[in-house]
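Colleague:
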Amino acid sequence: MIATFSINGRTRDVDVQPNQTLLDVLRDTLGIFDLKEGCSEGVCGACTVLLDGRPVSSCLILGLSARRRRIMTVRGLAGDGELHPLQQAFLRHGAVQCGFCTPGMLLTGLAFLERHPNADRAAIREALAGNLCRCTGYAKILDALEAYARELNGRG
Amino acid sequence: MHPFEYLAPESLDETLAILARYGDEAKVLAGGQSLLPILNYRLAQPAHVVDINGLPLEGMRLENGRLRFGALTRHATLEESADIRHHCPLLSEAARLIGNVRVRSLGTLGGSLVHADPAAELPMVMLALDARFTLASTRGVRTVPARSFFTGYLSTTIEADELLTEIDVSATPAMGYAVEEISRRAGDFAIVAVAALVRIDRRGRVDDARLAFAGAAPTPVRVSQAEEVLSGHEPTVERVAQAAAAARAAAQPESDTFVSAAYRRLLSGVLARRALARAVSRALEAA
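First to last, the sequence lines map onto chains A and B.
Here the first sequence is numbered in the working numbering, starting from 14 and rising by one per residue.
Here the second sequence is numbered in the working numbering, starting from -3 and rising by one per residue.
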């Protein structure tokens, strides 16, 4: 069936099967590859997208359930060729190794810091507990998020 | 995933008619954080998936000292709502421990209760809170106490044509509370979890003690043996230790691939003591 999606601020009509997850729709049907398929069971965080501003596993929601809701992938972060300040913080702190977990880390971190701008390192760590980095580069990811939080609070 | 018919009813009546018509062949989709993995692995292959997220069943309202939750209230709401934290802090503390942040964005209170994983936090907390569940079908509406809802591993008294619509609990703002759990990795289901509620009267004695376990039996359970040790007594360190020992003796855990029954039993006692001690100190602050 044809369903309407709002992806990174753009409305798109897509032919969707009931048994497709949102991950299937975004990657296989629409060719949006900036979210990754890791575990397919909601554990790894690689397929994270923001749904109405909250992080969800796109492998654990049917495509049809995401109709008419605001979907944001990591591509929605950068505007007009300029990287988002959080992306810049990741670059500055060397928080990207193989890059597979990075979209999920960025979106989860961003959504959390928007709700909890005064979060300390321990709280950020807890919020990211569901995002796995197989390069194990957690320290630099936390460094980048912490630095971004300080910038947000004018303590940069 | 296998092919199925996707239905997204927009009213309760429409939903109940679908469930009455298809019974076992339909699966209700709420937050989907347990159902989607099951579908992804083809562990269940329902012919019809009934997405109820269009129903107005989200949020909490206060009524005569009771909190009434729509079945679609998200874990994130339980975790973040200042109202819920004030009136029922046990629920907020438990919600923080569920899965990961993505599970809490979508997962629902009603979904967790009907799925009835014996190691899940919310069924255990509902037992401690003496919650009541409202089940609706085209045959009518019935209310089931949490204590008789969970019947076995992933099993409840809900019939195939029924929908859990509302969960109500009494407000417990003046009770000390605590949830303790141990899991192998962050985000895993608990090996054992404990919920404790304690109220202390003016004479400094416990007049209401409630303890519930998850992961210590095929269903979540209340531990009346431990509650009786505390009730009517001053909650001294020794008394709390006795209650925890009674809880440990009452636990009937099973072994699985990862964890032995003996270790679960050990954890039951340790976590019961920690939870009761923390609930008692909060109750003393509140008294």
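The C-beta atom is built at its ideal place from N, Cα and C for all residues, glycine as well.
Does the stretch 100 to 111 of chain A come close enough to the stretch 47 to 65 of chain A to have 3 or more Cβ pairs within less than 8 Å?
Modeller: The stretch 100 to 111 of chain A, when compared against the stretch 47 to 65 of chain A, does not touch it at the 8 Å Cβ threshold.
Colleague: Determine, using beta carbons only, whether alanine 205 of chain B and glutamate 223 of chain B come nearer to each other than 8 Å.
Modeller: Yes. Within cutoff.
Colleague: Given threonine 147 of chain B, which residues of its chain have a CB within under 8 Å of its CB, disregarding the five upstream and five downstream residues?
Modeller: Hits under 8 Å: Thr153 and Thr215.
Colleague: How would you list, in chain order, the residues of chain B whose beta-carbon sits under 7 Å from the beta-carbon of alanine 140 of chain A?
Modeller: Those within 7 Å of alanine 140 of chain A in chain B are Val97.
Colleague: Starting from the Cα of proline 249 of chain B, find the closest Cα among B:Ala40, B:Ala242, B:Ser264 and B:Ala4 and give me that residue.
Modeller: The shortest Cα separation from proline 249 of chain B among B:Ala40, B:Ala242, B:Ser264 and B:Ala4 belongs to B:Ser264.
Colleague: State the DSSP-derived secondary structure class of glycine 66 of chain B, mapped to helix, strand or coil.
Modeller: Correct three-state label for glycine 66 of chain B: strand.
Colleague: Among the candidates B:Ile196, B:Arg244, B:Gly200 and B:Phe185, whose CA atom is the shortest distance from the CA of valine 255 of chain B?
Modeller: Closest by alpha carbon: B:Phe185.
Colleague: Counting pairs of beta carbons, one from the stretch 15 to 27 of chain B and one from the stretch 38 to 47 of chain B, are three or more of them closer than 8 Å?
Modeller: Segments in contact, yes.
Colleague: For tyrosine 74 of chain A, which of helix, strand or coil comes out of DSSP?
Modeller: What sits at residue 74 of chain A in the sequence shown is isoleucine, not tyrosine. Correct three-state label for isoleucine 74 of chain A: coil.
Colleague: To the nearest angstrom, how far is it from the Cα of alanine 4 of chain B to the Cα of arginine 38 of chain B?
Modeller: If I take the Cα positions, the gap works out to 21 Å.
Colleague: For a minimum of 3 consecutive residues, which ranges assigned as the beta strand (DSSP E) are wholly contained in the stretch 14 to 57 of chain B?
Modeller: Taking only runs of at least 3 residues, the beta strand (DSSP E) segments lying wholly in the stretch 14 to 57 of chain B are 22 to 25 and 44 to 47.
Colleague: Can we count alanine 283 of chain B as close to the ligand ATP, meaning its CB is less than 7 Å from some heavy atom?
Modeller: This structure lacks the ligand ATP, and indeed carries no ligand of any kind.
Colleague: What separation, rounded to the nearest whole angstrom, lies between the Cα atoms of leucine 118 of chain B and glutamate 95 of chain A?
Modeller: Computed Cα separation, rounded: 44 Å.
Colleague: So, for arginine 201 of chain B: in the same chain, excluding its five sequence neighbours on each side, which residues have a beta-carbon less than 7 Å away from its beta-carbon?
Modeller: If we look at arginine 201 of chain B and ignore the five residues flanking it on each side, its Cβ neighbours are Gly228, His229 and Glu230.
Colleague: With 16 as the cutoff for other CB atoms within 10 Å, does alanine 142 of chain B come out buried or exposed?
Modeller: So alanine 142 of chain B counts as buried.
Colleague: For the candidate residues A:Gly107, A:Leu48, A:Cys57 and A:Arg105, whose alpha-carbon lies nearest to that of isoleucine 84 of chain A?
Modeller: Selected option, being the one with the closest Cα: A:Leu48.
Colleague: Please list the terminal residues of the continuous beta strand (DSSP E) segment that includes aspartate 204 of chain B.
Modeller: Start and end: 202 to 210.
Colleague: Would you tell me roughly how many angstroms separate the C-alpha atoms of leucine 126 of chain A and alanine 174 of chain B, rounded to the nearest one?
Modeller: Computed Cα separation, rounded: 27 Å.
Colleague: Taking the alpha carbon of leucine 150 of chain B as the point to measure from, which residue in B:Ala115, B:Met171, B:Asp157 and B:Thr161 has its own alpha carbon closest?
Modeller: Ranking B:Ala115, B:Met171, B:Asp157 and B:Thr161 by Cα distance to leucine 150 of chain B puts B:Ala115 first.
Colleague: Methionine 85 of chain A bridges to which residues according to DSSP?
Modeller: Looking at the DSSP assignment, methionine 85 of chain A forms a beta bridge with A:Leu63.
Colleague: Output the distance between the C-alpha atoms of arginine 138 of chain B and alanine 16 of chain B, rounded to the nearest integer angstrom.
Modeller: Near 16 Å, if we compare the C-alpha coordinates of alanine 16 of chain B and arginine 138 of chain B.
Colleague: Determine the DSSP secondary structure at threonine 253 of chain B, reduced to helix, strand or coil.
Modeller: It is coil, neither helix nor strand.
Colleague: My assumption, with CB atoms under 8 Å, is that leucine 105 of chain B sits in contact with alanine 167 of chain B. Please give the rounded CB distance.
Modeller: Contact flag wrong, Cβ pair sits at about 16 Å.
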